[in-house]
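Under this note's numbering, the first residue of the sequence shown carries the number 290, and numbering increases by one thereafter. The C-beta atom is built at its ideal place from N, Cα and C for all residues, glycine as well. To start, the structure under review is shown below, and the notes come after it.
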Amino acid sequence: MNTYRFFNYWLAGLASSLSILVLGLNWFVNPYGITNSPKIKGVNWYKPAIKDNIRLYKTVDVTRHNSKTILLGSSRIINGINPDSLVLKQYQPVYNLALTGGNIYEQRRYLEYAISNQPNLEMVILGIDLWTVADFYKGKHDFSEDRLNRKGLNLIDFLQINYSFNTLAKGKDTIFDNIHNQKRRSYINEKGLIVVNRQYLPDGIFEQWLPGQVNKEDYKISQIALDNLKLIKEICQENNIKLVAFITPPHASQVEAIHIAGFGDVIEQMKREIVKIMPVWDFYGYNSITTEPIDKVTNYWDSSHYSIEVGDLILNRILGYQKETVPADFGVMITPDNIESEIAKMRAKRESWRQQDTKTIEYLQNLVK
């Protein structure tokens, strides 16, 4: 064997060995949570890369569950509605299929995907964030139509992800984080919920969204979003799936910020358009939960995202469980028959709150640029 041929064989062997090593390491560390490798505390149990690749992760993870109920929506659902809540005991197994920053088109596509993979699906709980009814947001970088047209990852997907040096770098970060970072703000659990550790949240996080809201320059209703909301209803009807929908409750300071920006009428029209499609439970506005003083807040992680405890109150209301535990003014079913009267009530409650909480009003007005 001449030297040139020997070198070629040696180089091919080295490349093959490195490829196998990269594949093996990526499979084991599993930074995106898409393989079935073991999760080991202090090594790869916590997977920070999932946060920015939640669509990839949930495309795979939902197929691991034979769910009867799925939770659908955006980050207020993925952070705030617990699939293991006692309220949902009779609806188990439950999976939280919500997507961080997920628009209504994405939610509709993941619903279709879940139905194709979950033959026993009986109920969908849909949390509607009003921002998703505004101008249509394009899908995130990890959204893939192709993946949603099949079950999980195919061989090409698997190899592209696990033969990647980018995945290897994410794996290194995963191991480092598991060893050195014990003060994690959040992690995703086995049923798709992002669990928030309040004690590790940074100071000032509650106000992080308010400057953007109070200085919002455009806010209008998206017909594409409404069309996809209607499709969600029709898909559930066609598949004999019970659909329970609600409008999520940001803190009153965030609601007021949008009013100060000049878009209070858009909020009202959004509700009118939604009830043309389906009746919904409405928690959005000014009530005993959302008007909690911002310097003593316990119901919210920030002005937009409510706590698990508030999520349980929402479930109690919409599913009729322990209704006596829910404040009387928190959550009302709105329909075409009562939408105008409920909008009038929201206006009155807003004026009452503005007179009572002048400190928050002053704070918001000082954010205006």
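C-alpha distance - residue i paired with residue j, whole-angstrom precision
{"i": "Ile-650", "j": "Asp-462", "result": "43 Å"}
{"i": "Tyr-380", "j": "Val-599", "result": "19 Å"}
{"i": "Ala-536", "j": "Tyr-452", "result": "One point to set straight first is that residue 536 is Ile, not Ala, in the sequence displayed. Their Cα atoms are separated by approximately 42 Å."}
{"i": "Asp-466", "j": "Arg-398", "result": "33 Å"}
{"i": "Phe-454", "j": "Val-351", "result": "26 Å"}
{"i": "Arg-473", "j": "Arg-606", "result": "31 Å"}
{"i": "Arg-353", "j": "Asn-325", "result": "10 Å"}
{"i": "Lys-519", "j": "Ala-423", "result": "15 Å"}
{"i": "Ala-633", "j": "Ile-563", "result": "17 Å"}
{"i": "Leu-442", "j": "Lys-347", "result": "11 Å"}
{"i": "Arg-487", "j": "Val-586", "result": "12 Å"}
{"i": "Asn-478", "j": "Leu-419", "result": "26 Å"}
{"i": "Gln-449", "j": "Gly-493", "result": "40 Å"}
{"i": "Gly-391", "j": "Leu-361", "result": "9 Å"}
{"i": "Ser-356", "j": "Pro-538", "result": "26 Å"}
{"i": "Leu-312", "j": "Gly-460", "result": "11 Å"}
{"i": "Tyr-476", "j": "Tyr-335", "result": "7 Å"}
{"i": "Asp-341", "j": "Leu-457", "result": "16 Å"}
{"i": "Asp-626", "j": "Ala-534", "result": "17 Å"}
{"i": "Leu-307", "j": "Leu-314", "result": "10 Å"}
{"i": "Lys-648", "j": "Glu-496", "result": "14 Å"}
{"i": "Ala-403", "j": "Tyr-610", "result": "26 Å"}
{"i": "Ser-542", "j": "Met-559", "result": "19 Å"}
{"i": "Arg-436", "j": "Lys-658", "result": "43 Å"}
{"i": "Pro-491", "j": "Thr-421", "result": "27 Å"}
{"i": "Cys-525", "j": "Glu-434", "result": "20 Å"}
{"i": "Asp-591", "j": "Glu-581", "result": "12 Å"}
Residue i, DSSP secondary structure in three states
{"i": "Lys-328", "result": "coil"}
{"i": "Trp-420", "result": "helix"}
{"i": "Asp-571", "result": "strand"}
{"i": "Leu-499", "result": "helix"}
{"i": "Ile-404", "result": "helix"}
{"i": "Ser-475", "result": "strand"}
{"i": "Lys-535", "result": "A small fix is needed here, since residue 535 is Phe in this sequence, not Lys. In the structure shown, Phe-535 sits in a strand (DSSP, three-state: E or B)."}
{"i": "Thr-242", "result": "As displayed, the chain neither begins before 290 nor continues past 658, which places residue 242 out of reach and without an answer."}
{"i": "Val-621", "result": "strand"}
{"i": "Tyr-380", "result": "helix"}
{"i": "Ile-414", "result": "strand"}
{"i": "Ile-578", "result": "coil"}
{"i": "Ile-445", "result": "helix"}
{"i": "Tyr-394", "result": "helix"}
{"i": "Tyr-489", "result": "helix"}
{"i": "Tyr-589", "result": "strand"}
{"i": "Tyr-610", "result": "coil"}
{"i": "Tyr-321", "result": "coil"}
{"i": "Tyr-399", "result": "helix"}
Range covered by the alpha helix (DSSP H) that runs through residue i
{"i": "Asp-435", "result": "434–437"}
{"i": "Tyr-652", "result": "647–654"}
{"i": "Thr-463", "result": "454–469"}
{"i": "Lys-519", "result": "512–527"}
{"i": "Gln-558", "result": "553–566"}
{"i": "Ile-366", "result": "364–369"}
Buried/exposed call for residue i, threshold 16 Cβ in 10 Å
{"i": "Gly-501", "result": "exposed"}
{"i": "Gln-512", "result": "exposed"}
{"i": "Val-555", "result": "buried"}
{"i": "Ser-364", "result": "buried"}
{"i": "Pro-327", "result": "exposed"}
{"i": "Ser-593", "result": "buried"}
{"i": "Ser-641", "result": "exposed"}
{"i": "Asn-576", "result": "buried"}
{"i": "Gly-551", "result": "exposed"}
{"i": "Asp-507", "result": "exposed"}
{"i": "Tyr-489", "result": "exposed"}
Of the residues the options, the one placed nearest residue i, counting alpha carbons only
{"i": "Asp-584", "options": "Tyr-652, Glu-629 and Asn-605", "result": "Tyr-652"}
{"i": "Asn-371", "options": "Lys-429, Tyr-595, Ser-577 and Met-559", "result": "Tyr-595"}
{"i": "His-548", "options": "Val-383, His-469 and Gln-654", "result": "Gln-654"}
{"i": "Leu-515", "options": "Glu-395, Asp-601 and Lys-357", "result": "Glu-395"}
{"i": "Arg-639", "options": "Lys-330, His-540 and Gln-526", "result": "His-540"}
{"i": "Pro-408", "options": "Asn-529, Asn-576 and Gly-551", "result": "Asn-529"}
{"i": "Ile-623", "options": "Thr-580, Lys-505, Arg-561 and Ile-468", "result": "Arg-561"}
{"i": "Phe-578", "options": "Gln-558, Tyr-610, Thr-614 and Glu-557", "result": "Reading the sequence as shown, one finds Ile at residue 578 and not Phe. Taking only the C-alpha atoms, the option nearest Ile-578 is Thr-614."}
{"i": "Thr-358", "options": "Phe-572, Lys-531 and Gln-644", "result": "Lys-531"}
{"i": "Gly-416", "options": "Gly-322, Met-635 and Gly-369", "result": "Gly-369"}
{"i": "Val-413", "options": "Leu-604, Glu-581 and Leu-310", "result": "Leu-604"}
{"i": "Pro-320", "options": "Asn-333, Ile-309, Arg-636 and Ile-329", "result": "Asn-333"}
{"i": "Val-569", "options": "Gly-620, His-469 and Ile-483", "result": "Gly-620"}
First through last residue of the beta strand (DSSP E) which encompasses residue i
{"i": "Val-544", "result": "Counting along the chain, Val-544 falls outside any beta strand (DSSP E), though it belongs to the alpha helix (DSSP H) covering 541–549."}
{"i": "Val-349", "result": "Premise fails: Val-349 lies in the alpha helix (DSSP H), 343–350, not in any beta strand (DSSP E)."}
{"i": "Tyr-384", "result": "383–385"}
{"i": "Val-484", "result": "483–485"}
Residue i at chain B interface by Cβ criterion, 8 Å
{"i": "Ala-550", "result": "Of the chains in the structure shown, none is chain B; there is only one protein chain."}
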